[in-house]
Structures are given as structure tokens and as C-alpha cells.
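Report on the following structure.
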Amino acid sequence: MARTDESKAEVVRLTVRPQFLFVRGGLSERRKGLVIQARLRGDDRPHIGEGFTATKKTGNAVKRNRARRRLKAAARELLPRLGVPGADYVFIARMDTAGIDWQRLLDDMESALISLAASLRQGSGTA
Numbered sequence: 002m003a004r005t006d007e008s009k010a011e012v013v014r015l016t017v018r019p020q021f022l023f024v025r026g027g028l029s030e031r032r033k034g035l036v037i038q039a040r041l042r043g044d045d046r047p048h049i050g051e052g053f054t055a056t057k058k059t060g061n062a063v064k065r066n067r068a069r070r071r072l073k074a075a076a077r078e079l080l081p082r083l084g085v086p087g088a089d090y091v092f093i094a095r096m097d098t099a100g101i102d103w104q105r106l107l108d109d110m111e112s113a114l115i116s117l118a119a120s121l122r123q124g125s126g127t128a
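Under the numbering used here, read the sequence shown as residues 2 to 128, first letter to last.
Below, the structure written as C-alpha cells:
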């Protein structure tokens, strides 16, 4: 179910902790380079929410910032096409995120987003 450029949904940043905690109660997909959590909001706003995080397990501040920047760049490319409108996503960096090959990171994110989209459309991640 590929979308055209005209049907890309607006992406809005998640900014406060309660939004991240809400998404944590939904679905998640784990890959070598990242973890993605997703949950339908259950409201009438059609945008896609996105949030990014990297724990201290990921490494020092330099590695965490690099990992978050890479996740943001990959999400900017993939989320408008593969995300489900009305859902929020949290991208969590793993230890390999900062150093993994760029194409592998994109492939991991794409496969996780496709899997989450299928589950969300079936109604598994409702609020």
C-alpha cells in the first residue's frame, strides 16, 4: 500500500514525557539498529507524532547525539510515507545505531515501520 508524495501525512514532534509514556504502552518492533514503539492516539487529529530517545546504555553524549541525529534523518525520510496517520512513534537508539551502516539503518527502520503499520491498521495499537 504505497502512498504517493501528495498523500504524505504531517509529522509533529513529541515533546513531553507523558507523550512518550503513552506510546510505551502500545506496540513495539525491535531491530539491530533501533527499537520503534507505536500507538494510535484515538483522537481525530490526522498527524503522525514522532519522538526520539537514546539512553546512557547507548554510549557517551557524543554517541547518543549521533545516534539521535541518524534516527531523525532516517525518520524524516521514511515516516511520512510509511507511518499511520493518527499514530505516535518513539524511536529508541540502540548501541549499534551510531555506527551501523546507513543503508542497514534505513532497512531496519523501514521493515519495523511496515510491520507496525500492519498491526496498527488491524487495530492492535488502539488507545
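From the three backbone atoms N, C-alpha and C, an ideal C-beta is built for every residue, glycine too.
Query - Length of the line joining the Cα atoms of Pro81 and Ala10 - result: Distance between the alpha carbons of Pro81 and Ala10 is about 5 Å.
Query raised in the report: Is Leu106 buried or exposed, if buried means 16 or more other CB atoms sit within 10 Å of its CB?
Result: Answer is buried; the Cβ neighbour count reaches 16.
Query raised in the report: Are there 16 or more other CB atoms within 10 angstroms of the CB of Asp44, so buried, or fewer, so exposed?
Result: Residue burial annotation: Asp44 is exposed, with fewer than 16 other C-beta atoms found within 10 angstroms of its C-beta.
Query raised in the report: Would you say the segment 29-47 touches the segment 86-106, given that touching needs at least three Cβ pairs under 8 Å?
Result: The segment 29-47 vs the segment 86-106: in contact.
Query raised in the report: Under the DSSP definition of a beta bridge, which residues are partnered with Ser29?
Result: Ser29 pairs with Gln38.
Report task. Give me the Cβ distance between Phe21 and Leu28, rounded to the nearest whole Å; I'm assuming they're in contact under 8 Å. Result -> Actually they are not in contact, since the Cβ atoms of Phe21 and Leu28 sit about 15 Å apart, beyond 8 Å.
Query raised in the report: At what residues does the alpha helix (DSSP H) containing Ala119 begin and finish?
Result: Counting along the chain, the alpha helix (DSSP H) containing Ala119 begins and ends at 103-122.
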